[in-house]
Amino acid sequence: MGGFPSAGIHANQSAMKLGVCWYPEQWPEALWASDVARMAALGLRFVRIGEFAWSRIEPEPGHLQWDWLDRAVDLAHAAGLQVVMGTPTATPPKWLVDAHPEILAKGRDGQVRGFGSRRHYCFSSDVYLEQARRITRLMAQRYGEHPAVVAWQTDNEYGCHDTVVSTSDAARAGFRRWLAERYGSVAALNAAWGLSFWSQEYRSFDEVDAPFGTVTESHPAHRLDWQRYSSAMVERFNAAQVEILRAASPGRDIVHNFMGLFTEFDHFAVGRQLDVATWDSYPIGFLGQGPFTSAEKARYLRIGHPDLTAFHHSLYRACGRGRWWVIEQQPGPVNWAAWNPAPAKGAVELWGWEAVAQGAERMSWFRWRQAPTGQEAMHAGLNRPDNQPAAAWPEVAALAEGLARLGPLPKRGQADVALLFDYDSVWAVQSQPQGRDQDALAIAMAWHTAARRLGLSVDIVPPDADLAGYRLVLLPVQVVVDDGLAQRLSASGAQLLAGPRTGSKTRDFAIPPALPPDGLQALIDIRVARVESLPPGISLAVGNGGVVTGWMEDVEAGAGVAVQSRLDDGRGLWFAAGRAHYLAGGVDAGLLGRVMAEVASAAGLVVQDLGPDVRVERLGDLKFLFNYGPTAVDLPILPIIGSNPVPPAGVAIWREDA
Ligand code: GAL
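Heads up, the sequence shown is in my numbering, so the first residue is 633 and it goes up one at a time.
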């Protein structure tokens, strides 16, 4: 252990707990004791283990080898580390796949997704569900009451590698049952989807297939329902594990690790089954995959986009109903992006403080030590493959030390701004985009960025959220506005800002009888008469500055509606009636910021333009400033954490009354 810098702190119950993902099964046992001792010395308080270890736990069907895992858990416990135990169901072993090849998923192309990586199972397979129950039950019986075990992680990253949708025989059969339950009769299905169009009517649910492999576009409502069904299968799979773990491991939190930039199933629905939502945060890995310009990708190459991480923190805070962790945090270059740059000096610590500011209970790094072999051999850890501390180590130590210095942390309160995010709306836009690059997640992220740039903190909330207490409610892309949401919007008293496509479909994916925006028209008397989408590079000038790109609607407005801004061609863009505001086009970031600033000011909120790089957050009386930019930022005060000026990739924290 000698020679490793250590934070030298002891457990602080109310600070964010730090941990690491540990894979003892991949290393000689001779290393384990020093591993856990060094973790504790670094200021770590927990390990996540087990989530891929099925072939070591059950090397032959029915032959269970717990001894090694017992020893690893006991060692962690003896070192004062808590354990988050993963169920290993993301990696069914070879013998299981060979015995039951029908558990394998099939892609949209009908190809079997074979053994040799991970996540090869089909969520619709009852055979696999039973196997998942079996191994979960065995693990829960073994470790459910172990004093070190404080939480369970179900599976690992549902949907990773595009695995929510499967077209296996089990999925087809399940979809037919799901349709029968939802629509009652095939006549009702034919009517709801409007299948007289192109002679697509069915005589029985058994005739309905997967909506892939058709000559041209398959029916959009069919694709939307296939996605809804696939999402329901993820819920079913998770619920089965949750039920077993709850019974056998009382008092432990049950969590799942969600992903970034991923919308293939309804995370709010899975979140409701859990005690805590966790997610896997790879700010640099996601930058290349996110909806950013090439200039942004260059500017934030080594730190990630200033709002991407915060967006997901806020989203998963909602999924966990206030309780959330980062269970995997990037410590250095990853292996899975197209290019894998190293973080800037300070970035690893900054990401930690972002999670603190957003109210995370725990954060753990992926992974303890870089593996010398396998698919992820190029992925950094807190230690190099030679077991020497990697570049992230001193930043983890600094975070641990800073947390100890801050002491107990205040709880994160409700923000002033709610941003509605809806998985069903994402799928609706995917099912009938009308413009190739229309992307509901990207639009929601752009609205979130606009609010953060104004210095506002944002709670991302599901469409069924209680809106009481919010002063500004944002609806970037809420395709279906059901009666409940319409009533809560009417009752909320907040300023409302809705984007194009709000209320543009019924739940059955038809254009609403009174035209969009369905559900908003009681608040603002407008009707969308026509929509057009525009290719990249085309922009429509707006009278008082800014442009519309991508999407524009022709809106008819009633007498009581004010047109706040228009395109140069005369079409209304920003409509307002009382506290309801509607934007009829995809506006550029600057114009979105100006509109949002006005609406936020009308809500009594104080706004400022922080520019592209600087972000602020508040946690009780603690104020945080994050510098994502390339130049230092001056502060009017001396921070208690960080320095003044705040360097690039730097953080400053101070108390409000200081
Ligand atoms: C996550 C996954 C981990 C590991 C990691 C690498 O998506 O949960 O198992 O693969 O990425 O960055």
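Note that CB positions come from ideal geometry on N, CA and C, so glycine has one too.
Based on the DSSP secondary-structure assignment, which residues constitute the bridge partners of residue 1171? 1181
For residue 1097, tell me which candidate among 988, 947, 752 has the shortest Cα-Cα distance. 947
Using alpha carbons as the reference points, say which of 880, 1061, 808 lies closest to residue 756. 808
Which of the three DSSP states is assigned to residue 899 in this structure? helix
beta-carbon residue 897 near ligand 1 non-hydrogen atom, thresh 8 Å: no
Consider the C-beta atom of residue 869 and the heavy atoms of ligand 1; say whether any pair is separated by less than 8 Å. no
In whole angstroms, give me the CA-to-CA distance for residue 911 and residue 1000. Cα-Cα distance, rounded: 17 Å.
Would you say the beta carbon of residue 788 is closer than 8 Å to some non-hydrogen atom of ligand 1? yes
Assuming the contact rule is C-beta atoms closer than 8 Å, residue 686 and residue 723 should be a hit. Round their C-beta distance to whole Å, please. 6 Å
Option nearest residue 954 by Cα separation, candidates 656, 1094, 795: Selected option, being the one with the closest Cα: 1094.
Does the distance from the C-beta atom of residue 1221 to that of residue 1199 stay below 9 Å? No, Cβ-Cβ distance for residue 1221 and residue 1199 is not below 9 Å.
For residue 671, the three-state DSSP class (helix, strand or coil): Helix at residue 671.
Can residue 1024 and residue 1012 be called in contact, C-beta distance under 9 Å? yes
Is DSSP giving residue 676 helix, strand or coil here? coil
Bridge partners of residue 891, per DSSP? Partner(s): none; residue 891 has no beta bridge.
Determine the direct distance from the alpha carbon of residue 925 to that of residue 718, and round the result to whole angstroms. Taken atom to atom, the span from the alpha-carbon of residue 718 to that of residue 925 is near 37 Å.
From the DSSP output, in three-state form, read off residue 751 for me. coil
Alpha carbon to alpha carbon, how far is residue 951 from residue 827? Give it in angstroms, no decimals. 36 Å
Check the C-beta distance from residue 1347 over to residue 957 and give it rounded, since I have them as a contact under 8 Å. The structure shown has nothing for residue 1347, since the chain only spans 633 to 1290.
Among 820, 1073, 1250, 664, nearest to residue 1042 - alpha-carbon criterion: 1250
Take residue 875 and list the residues in its own chain whose beta-carbon comes closer than 6 Å to its own, dropping the five residues that flank it on each side. none
Cβ of residue 754 within 8 Å of any heavy atom in ligand 1? Result no, Cβ not under 8 Å from ligand 1.
Who are residue 1293's beta bridge partners in DSSP? The shown model of the chain, from 633 to 1290, leaves out residue 1293, and the question about it has no answer.
Examine ligand 1 and report whether any of its heavy atoms sits within less than 8 Å of the Cβ of residue 684. Relative to ligand 1, the beta carbon of residue 684 is positioned inside 8 Å of a heavy atom.
So which of 821, 1244, 731 has the shortest CA-CA distance to residue 838? 821
For residue 874, name the three-state secondary structure that DSSP assigns. helix
Bridge-paired residues (DSSP) for residue 1188: 1159
Between residue 918 and ligand 1, is there a pair consisting of the residue's CB and a ligand heavy atom that are separated by less than 8 Å? no
Quick one, which of 797, 1071, 782, 1063 has its alpha-carbon nearest residue 850's? 1063
To which residues does DSSP link residue 1207 through a beta bridge? 1195, 1214
Could you check what DSSP says for residue 1039 in three-state terms: helix, strand or coil? DSSP places residue 1039 in the coil class of the three-state scheme, outside both helix and strand.
Could you compute how far the alpha carbon of residue 1051 sits from the alpha carbon of residue 1166? 26 Å
Could you check how far apart the C-beta atoms of residue 1212 and residue 1147 are, in whole angstroms? I think they sit under 8 Å. That pair is no contact at about 17 Å.
What I want to know is whether the C-beta of residue 998 ends up closer than 8 Å to one or more non-hydrogen atoms of ligand 1. yes
Buried or exposed: residue 1238, going by 16 or more other Cβ atoms within 10 Å of its Cβ? exposed
Integer-rounded CB distance, given that residue 1178 should sit under 8 Å from residue 1219: Yes, they are in contact, since the Cβ atoms of residue 1219 and residue 1178 sit about 6 Å apart, within 8 Å.
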